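Protein chains in written order, with the numbering used here: chain A, 1 to 459; chain B, 1001 to 1459.
For every residue, glycine included, the Cβ atom is placed at its ideal position computed from N, Cα and C.
On a predicted model such as this, the values are computed, not experimentally measured, just so you know.
There are 2 protein chains.
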Amino acid sequence: MPLSPAAHADLAALLGDRLVTSAADRDLHGRNETHFPHLPPDAVAYPETTAEVAGLMAVCARHGVPVQGWGAGTSLEGHAIAAQGGVTVDFTRMARLIEVRPEDMVARVQPGITREALNTELRATGLFFPVDPGANASLGGMASTRASGTTAVRYGTMRDNVLGLEVVLADGRVIRTGTAARKSSAGYDLTALFVGAEGTLGLITELTLRLHGQPEAVSAAVCAFPAMAPAVEAVIATIQSGIPMARIEFVDAATVAAFNARDKAGMPEQPHLLVEFHGSPAAVAEQAERFGDIVAEAGGADFRWAAKPEERAALWRMRHNAYYACLALRPGATAWVTDVCVPISRLAEAVEETRAEIAASGIPGPILGHVGDGNFHAILLVAPGNADEAATAKRLAAGMAERALRLGGTVTGEHGIGMGKLDYMEREHGAGWDVMEQIKRALDPAGPMNPGKMVRGPR
Amino acid sequence: MPLSPAAHADLAALLGDRLVTSAADRDLHGRNETHFPHLPPDAVAYPETTAEVAGLMAVCARHGVPVQGWGAGTSLEGHAIAAQGGVTVDFTRMARLIEVRPEDMVARVQPGITREALNTELRATGLFFPVDPGANASLGGMASTRASGTTAVRYGTMRDNVLGLEVVLADGRVIRTGTAARKSSAGYDLTALFVGAEGTLGLITELTLRLHGQPEAVSAAVCAFPAMAPAVEAVIATIQSGIPMARIEFVDAATVAAFNARDKAGMPEQPHLLVEFHGSPAAVAEQAERFGDIVAEAGGADFRWAAKPEERAALWRMRHNAYYACLALRPGATAWVTDVCVPISRLAEAVEETRAEIAASGIPGPILGHVGDGNFHAILLVAPGNADEAATAKRLAAGMAERALRLGGTVTGEHGIGMGKLDYMEREHGAGWDVMEQIKRALDPAGPMNPGKMVRGPR
């Protein structure tokens, strides 16, 4: 249903030429990074203040117009596309670092700021924001999807690093959750409720973030393994030994092939671990030595150290661009990117079974992931327009999700539900999904907040 | 309103002689650790299974009977007393360690198990559960109040260490939240919603807990400071330096006097820090050296190390019994125990102003706390039956809460709202408190779950 003339007029009165209905802009905001259909909104709004977001929500509530937030568009499960049209709220004009309080190790930011922009601004303070999903995502989007990434094994996810939020609710009310204190026992944890809610309960207009000290010393390395199982076993042993890894990433032989092809990495085409250590110089040296012992025990070899900042930057740039490197393995392909997270004791089993199922399917599907958390991804590459292969990818992704549930894990460790995993919510949560729906109905009774995501539609 | 004969009959049919209405048992469950009135329930239930809890909730919902949970009764804000009578559910018969999965570093427990019992059972596994509020509280109670304590600075609070829950809702439905995986982006964070909800949304019947490796090396120390300000400044410098303190506790001169009187501690009656380091032997030595430098810079002295396990046990036993030591400073006194948490940059100011206000009031009030988190307590000692002093204590506690809000903090870092801090909920949360009420009404529309706590009563 397109925007009614009355709704359009009210929104234009509020936002002027920052309410855009051009085909180009709507088209851009209907796109997604992976395989979901093109679902453009009827209009794109570019608010500059919380008051404008609140005004916009009040108008949309009055006219029954769907509303979804948009940060950097890097979501992998189609969270931000307009499943039922309406208005997409693009936060690129609310992208400021509002305040850094170095002595409290907190920053207040607007939702549109990206993690790279934030860390660039923080550089001189000696602090950084650690959560790193790879993509240069917006902080509002990262909070909304409960993002994590390569450093979560040490620093936690968005759940752990958002201290407070300002949120515009479905009826236009503005609330603040949390404080700049490190902890609180005062009331329901509303911060945690909105982190991961994927914009279905409100729009985040400000975040108070927990910062961390830039590590005094950093060291990174890659090491090769003869097969997948010993690499995963080395990860499990490392986590259980309590070495405070800053990053511990697994890539399979297919991913390494993609690195070699795109980045001329010159790595042996075997499974690898990519690791990083943070701490004092003595602590980093001790951690590296203990990790080296575990790797040697597991049959790993060919350690290559990246001690210089530029070598480390190149290493993690390569890892962060793994998705694009894998896409380039099959030019023109559409990717089905899916993630699951399992208890660490079941990780080897989960990865091996997934590997075998992908190998038997006949479509390319590199596996990689944040294995220190038990979290891994498959990038399933489907030839353009090939419906059979798309069905195969869908079946493989379903197999991964079902396996994760069978092994006591979750259907998504960090990508979220979005358009892709709604079908698993009841399987994972049972009656808990009904509770989520009760909360949704309490806070968004008319249902305009990112409809079609997270909970059942109106019944 | 006492239990109706019909409600009593239904509950007795379910629980037999594990539904108790004796005066002694009701009396015990109407008591609290501090200054709140004696508010006994009409009956005490001792369920042995989740199914019994679900059945009990269904009966109470049908008859409109209030229900509150009871763990170890160690709450400091009267959470578990029966504000409106009804049934208190005592979990002492649901106190088992159900399962330890050492390879996943998780344990599943029933809510009635205490933290000391849990850690005793875990000892042989090389793992431990770190959250340590001092009292030998039950894990269900600790989750319900979002407890933390001395080790939160390193290991986090209950928010960070509960991976999943089984919860019986107000209508008797049973849900499971979370998984044994370390993280998830699948849906609203119901685990975080029930942690800290103080039993107002449901009763926790099982917890999946995150365990940590017992540190290879541990070292602890006390050191004295000439005044409060340099001690607090040393804490701030330590946190900002990134030293991964396992514990960093402040006690003022009055608390030290209590230690000397009760525990023959032989400490100089000055402000002290009590600290602990966890890690490899080399890491602990390095941390201790860096901390020593900061203390020397701040004018601290008289370092006393407790390297042996029995010395450390004595040190932390003394700290954990600080409440009783302070009570003994004024035999027969009633304690008003209150806690606040502020951004670490405002900690010195918050503690100093509180100190001055207590000193001017004429009643004893030792100050101590988990200052690495910005969290501190006052133990205000009121002569028995002295209404003037009680009014003074109330005013001092109010002053602390208002100061915490003014400084950007929270009215409670870890004790919770309970009977004591309902009046501050609107001040701290504004419209966010209305959102909490919307959630409460969605999940407990008739309001029998721990009524009189956390949100406004029915309007």
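Can you list, in chain order, the residues of its chain with a C-beta nearer than 6 Å to that of Glu-1216/B? Leave out the 5 residues immediately preceding and following it. Ser-1280
Residue range of the beta strand (DSSP E) that includes Val-337/A: 334-341
In chain order, what residues of the same chain have a beta carbon less than 6 Å from the beta carbon of Gly-1413/B, not counting five sequence neighbours either side? Asp-1339, Cys-1341, Asn-1375
Val-109/A (DSSP reduced to helix, strand or coil): strand
Residue-chain proximity (Gln-438/A, chain B), Cβ-Cβ < 9 Å: yes
Looking at chain A, is there any beta carbon in it that lies within less than 9 Å of the beta carbon of Gly-1140/B? no
Got a sec? Which residues, its chain only, sit under 6 Å from His-1278/B by beta carbon, not counting five neighbours each side? Pro-1215, Val-1218, Ala-1246
Assuming Phe-225/A and Gly-292/A make a contact with CB atoms under 8 Å, what is their CB distance in whole Å? Not a contact, Cβ separation roughly 14 Å.
Just checking Pro-1111/B against the ligand COA - is the residue's beta carbon closer than 8 Å to any of the ligand's heavy atoms? Among the components modelled here there is no ligand, and therefore nothing to report on the ligand COA.
Short CB-CB distance (under 9 Å) between Leu-1380/B and chain A: no
Inspect the beta-carbon positions of Lys-183/A and Thr-1354/B and report whether they are closer than 9 Å. no
DSSP three-state assignment for His-505/A, whether helix, strand or coil: Residue 505/A cannot be examined here, being either before or after the span of chain A that is shown, 1 to 459.
Under the three-state DSSP convention, the category Glu-210/A falls into: Just to set this straight, residue 210/A is Arg in the shown sequence, not Glu. Strand at Arg-210/A.
If we count the other Cβ atoms within 10 Å of its Cβ and call it buried at 16 or more, is Tyr-324/A buried or exposed? exposed
Should Lys-421/A be flagged as near chain B, meaning a C-beta pair shorter than 9 Å? yes
Can you tell me the Cβ-Cβ gap for Val-232/A and Val-351/A, rounded? I've got them flagged as a contact below 8 Å. 6 Å
Roughly how many angstroms lie between the CA atoms of Asn-1450/B and Gln-1084/B, to the nearest whole one? 8 Å
Just curious, the alpha helix (DSSP H) that Glu-1437/B is in, first and last residue? 1431-1443
Using CA coordinates, which residue listed in Val-1100/B, Pro-1366/B, Gly-1073/B, Ala-1082/B is at the minimum distance from Phe-1259/B? Pro-1366/B
Glu-77/A to Met-436/A, Cα distance in whole Å? 19 Å
Assigned exposure category for Asn-32/A - 16 Cβ within 10 Å defines buried: buried
How would you label Ser-1148/B, buried or exposed, when you count the other beta carbons within 10 angstroms and need 16 or more for buried? buried
Minimum C-alpha distance to Ala-393/A - residue among Arg-406/A, Pro-364/A, Val-100/A: Pro-364/A
Work out the CA separation of Pro-271/A and Phe-250/A for me, nearest whole Å. 7 Å
Backbone CA spacing between Ala-1348/B and Val-1222/B [nearest angstrom]: 19 Å
With DSSP collapsed to three states, give me the class of Val-59/A. helix
Spatial neighbours of Glu-1389/B in its chain, beta-carbon cut-off 6 Å, leaving aside the 5 residues before and after: Ile-1363, Val-1382, Ala-1383
Would you say Tyr-1188/B reaches chain A, if we count a Cβ-Cβ gap shorter than 9 Å as a contact? yes
Measure from the alpha carbon of Asp-444/A to the alpha carbon of each residue in Ala-95/A, Gly-187/A, Gly-172/A, Ala-431/A, then state which is nearest. Gly-172/A
Which value, in whole angstroms, describes the spacing of the CA atoms of Gly-126/A and Thr-151/A? 18 Å
Which of helix, strand or coil does DSSP assign to Asp-10/A? helix
Tell me whether the region 398-411 of chain A and the region 121-135 of chain A touch, counting them as touching only if at least three CB pairs, one residue from each stretch, are closer than 8 Å. no
Taking Cβ positions only, does Arg-1459/B come closer than 9 Å to chain A? Reliability of the predicted coordinates at Arg-1459/B is poor, the pLDDT of 47 falling under 50, and no value is obtained from them.
Could you tell me the alpha carbon to alpha carbon distance between Met-971/B and Trp-1305/B, rounded to whole angstroms? As displayed, chain B neither begins before 1001 nor continues past 1459, which places residue 971/B out of reach and without an answer.
According to DSSP, which residues form a beta bridge with Asp-90/A? Trp-70/A
According to DSSP, is Ala-1224/B helix, strand or coil? strand
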